[in-house]
Structure formats: C-alpha cells, structure tokens
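Below is one structure; the comments refer to it alone.
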Amino acid sequence: MIYASAGLNSGFGILLVITVAGGGLLSPGKTGILYASIATIAILSHEIYVQLVRDFPPPNYTHAGFLGMTFFITAIISQILAGRVKESEALAQQRGADLEKLAKLNEHIVHRLQAGVIVLDAKLNISLCNEAAKRLLGIDKYISHLSFTEDLPRELVEIIRHRQSGVAERSLIFKSERTGIDIQASIVTLKIESEFEMLVFIDDLSVFRQRAQQLKLASLGRLTASIAHEIRNPLGAISHAGQLLSESISLAQEDKRLTTIIEQHSQRVNQIIENILNLSKRKQAEPVILELGNWLKEFKYEYEVHHKLNDEMIQLSGTSAKIHVKIDSLQLHQILWNLVENGLRYSNKMPLVELHYAIHHDTERPYIDVIDQGPGIKEGHEAQLFEPFFTTETKGSGLGLYIARELCETNQATLNLHRNSANGCCFRIIFSHPDKQHLIK
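In this note's numbering, the protein residues as written are 1 to 441.
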C-alpha cells in the first residue's frame, strides 16, 4: 500500500504500528521486538528500493527512522502492558480459584451445620436449603430444586410471608406436621446490593429444652431436699401410728377399715416422694451408641423374666437393618420400663404390648413405638397426659409419663402420644440423629 501510494508521505506506514502493538500484546517474551524489527526493516527496504528505482519521489530516511523508532517504542510499551495483563489474569485466576474454594468450604460448612439454614430471594425462591433443614422439616434430601409453597411446611410458609409483608410478627415456634418435631424459626433479612434476601434458621427445640432441663433439675433438687425432710418424717410417723392403731385390741372391727385407708394413702404419698427424689438425684445423661435391635431383645427378656411373663405377651418387631441410637442406656431402660408397665396395666388382649423400632423415612431419625391393646385415653386427657401428678387412678402417682418425657428430653429425644384410639395407644420415642453432637458430656 505504501509503494502503490505516495510512499511514506501517504501516512499508511503508521498502520504498521497497530500490527506491532498487536504482536507485542499477543506474543510472549521478546517476540514483540522482532515484529518491530521486521516492520522497521520493511520500511527502510522500501526507501532503499525507491532510491534505486528512481521512479518515485526522493526517499525520506528521516521519516522512516522516526517511524522505526515508533515501532520499537510501541513494541516495548506493548510488552510492558502484556506483562501487566498476564499478571492481572493470573491474579484473577488465583482469586477465582480462592473464591471457588471458599464457596465450596462455605457450602460444606452450611450443609454440616446442626441447625437448618434456608436462603430465599426477594421473590421467595429457595436458593439454598441444607441437609439439617430438610431433616427437621421432613423434606426429601434428594430433592435439589425446592418449591417455596409445595415443599416447605405450611406453618413456616405463613411465618415467612407475614415477615415479608411487614405484618405483626407471628410466633416463630411451630410443630412440623411431617416430623412431629417442635421447631423454632429465626428469620434475618439481608440487603445484598439492591435486593433483599431472607435467611431462615431452623432449630430443634429439644436442644433448648435440654438447657432449660438442666436449670430445672438444679432447682428441683433443692426443692426435693426440703420435701424429704419436711414430709417424709411426719409421713413415717403417721404410717407407724396407723399400724400401731390397727394392732390395738380395743379397736372396733369396723374402724380397722380406716387404718387400712391410712396405710394405703401413706404408701401412695411415700411413692410420690420416692419418684420425685429419684428425679432430682438423677445423674446427667451419659450417651453411648446402642444397636437398638439387640438392646431391645435384651430388655424384653429382662422384663419378661422380672414379671414372669410368657414370651407372646410382649411382641418385638422392627427393620432388619441395624439401627444405632445415641442415648444413656440406663435412662432408656427406665423410660421403656415405665411405658411397658403402663401398657400392661391397660391392655386386655394379646399381645399385651408391642415394641416396634424403625427409622423415620423423612427425618432419618430412629424411633421406638410402644403399642398397647387397651381402651385408649379419654378425650380431653391427652393434653394433660405428661403433666406431673396427673393420673386417672387412685393408686397411681401420676409421675411415670412425666419422668419418661423428662428423661427423653435430657437425651435430646422426644416422647409423644403418636396414636390414640379405642383399640389402644401408641407412644413414640424419637431419638436424635445418631451423628448429632450431644450437649451433655
């Protein structure tokens, strides 16, 4: 183009600067200087050729020299810029790799948290839901894309919508219909750039109840110490006086029935005091890993031998797979002993009590069902069933189910009336996840 036009005066020589600059940016090392050298040689060769042929205007070596110098300056600057670009690219790649590692680490930490975490965007689309949240809410862990209205529990959906709309805050504690677990939700609103995101923490209330349980046990211990001194001694005197009175020769035969009443009620009050003292003296849980099937077989055999029962009176069933639970074995023994005794007391057909163990499909938490064949619990009594001193019998102390539930909560387990009908009741013990870290050491 330079030769076909008016030579260097045409201005086409400056176009080689672009070529040299591009070569300097794209080529590694000192290759950019080579491009500048080639361009300079080409310009000088053109001027020499013009001088030899003499069919052009006179050669302009000064212009060619300045143009060659421009090529070399451009090549050097391009090399410097190329080096900085490569450094920036390497830094960007390193930062990208660090961010990717950090994102994977954060994701791993979130999914390993014992607390459930749900992240929602401004349109209430679920962008993250960790395994703990799925387990607590009864969501299939293999579902990757969750729907806000279809997969989350109705109670949690209503709580989140009320929080988003700015309506007065509803109770953040609810019972999951799918898992039966009492759950506390904590909602935090985050502003990221110009959009708002909602962070929902899902916690199992059994952990908080366990902490409250420890405080309650400390207070109960002081209370029962006073009960032992203030009630037990006078009760012993009353019982002893009743026995002496019943042995009196001058006591009329019809009055001996009154001494029998004194003795019966003294024994009942003494049993209540014994139960309360045992509750207050109870040691902190020492959870161990138990293989549930074998442990229940040993428990069934021990109970049948102790009460001289036939083998068919208590039926044991469960999954063929091995199930492991983390609980204090002595306290689990006391819990089941109380529940089985209640079942035997009210059952009227065989098997008197059935023990069934399995793993909940949604929550992956092990459980034991204690099923009796009795008449069921009367309507209106279900809400009071686990209250201390509530009983429908004159001989009962009303502390058996209360103590059983307290022991369950101490071990981060739950005890509930799972089913109630005219054909019997089913009490369900739901254990914590075997991988869950217990607060009690």
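From the three backbone atoms N, C-alpha and C, an ideal C-beta is built for every residue, glycine too.
Check: How big is the Cα-Cα spacing for Lys441 and Ser432?
Finding: Note that Lys441 scores a pLDDT of 34, beneath 50, so its modelled location is shaky; the value from the coordinates is reported in the next line. If I take the Cα positions, the gap works out to 15 Å.
Query raised in the report: So who's on the other strand from Cys129, going by DSSP bridges?
Result: Paired residue(s): Ile118.
Which residue comes first and which comes last in the beta strand (DSSP E) that contains Thr414? In the DSSP assignment, Thr414 falls within the beta strand (DSSP E) that extends over 414-421.
* Asked: Going by alpha carbons, who is nearest to Arg365 out of Ala413, Ser45, Ile109?
  -> Checking every option, the nearest Cα to that of Arg365 belongs to Ala413.
Go through its chain and collect everything with a Cβ distance to Val119's Cβ below 8 Å, but skip five positions before and after it.
Ile126, Ser127, Leu128, Cys129, Glu197, Met198, Leu199, Val200
### Message
Residues in the same chain with beta-carbon distance under 6 Å from Gly242, minus the five sequence neighbours each way, listed in chain order, please.
### Response
Around Gly242: Thr259, Ile262, Glu263.
Query raised in the report: Under a three-way DSSP split, which group does Glu379 fall into?
Result: Correct three-state label for Glu379: coil.
Pull up the distance between the alpha-carbon of Gln114 and that of Asn342, whole angstroms please. 35 Å
request  = Return the Cβ separation of Ile173 and Leu136 in integer angstroms, given the expectation that the two are a contact with Cβ distance under 8 Å.
outcome  = Actually they do not touch by this definition, with Cβ atoms about 13 Å apart.
- [ ] Go ahead and pull the three-state DSSP assignment for Phe208.
- [x] helix
Inter-stretch contact (C-beta, 8 Å, three-pair minimum) for the stretch 88-107 and the stretch 34-44
no
Practice prompt. Would you check if there are 3 or more beta carbon pairs closer than 8 Å linking the stretch 247-257 to the stretch 285-292?
Written response: No, the stretch 247-257 is not in contact with the stretch 285-292.
* Would DSSP call Tyr367 helix, strand or coil? -> strand
Using the Cα positions of Leu146 and Asp328, report the straight-line distance between them to the nearest angstrom. 37 Å
| query | Taking just the CA atoms, how far does Phe72 sit from Ser37? | reply | 7 Å
key: Start-end ranges of the alpha helix (DSSP H) lying completely within the stretch 67-100, minimum 4 residues   = none
Given that a residue counts as buried once 16 or more other Cβ atoms are within 10 Å of its Cβ, and exposed if not, what is Ser347? buried
- Query: How big is the Cα-Cα spacing for Leu330 and Arg211?
  - Reply: 21 Å
For Arg428, which three-state DSSP category applies?
In this structure, Arg428 counts as strand in the three-state DSSP scheme.
Q) Which whole-angstrom value is the C-beta distance of Ile202 and Ile183, which I expect to be below 8 Å? A) 6 Å
- Please go through the same chain and pick out, in chain order, the residues whose beta-carbon is closer than 7 Å to the beta-carbon of Leu16, but skip the five residues on each side of it. Within its own chain, the residues whose Cβ lies closer than 7 Å to the Cβ of Leu16, once the five positions on either side in sequence are excluded, are Ala39, Phe71, listed in chain order.
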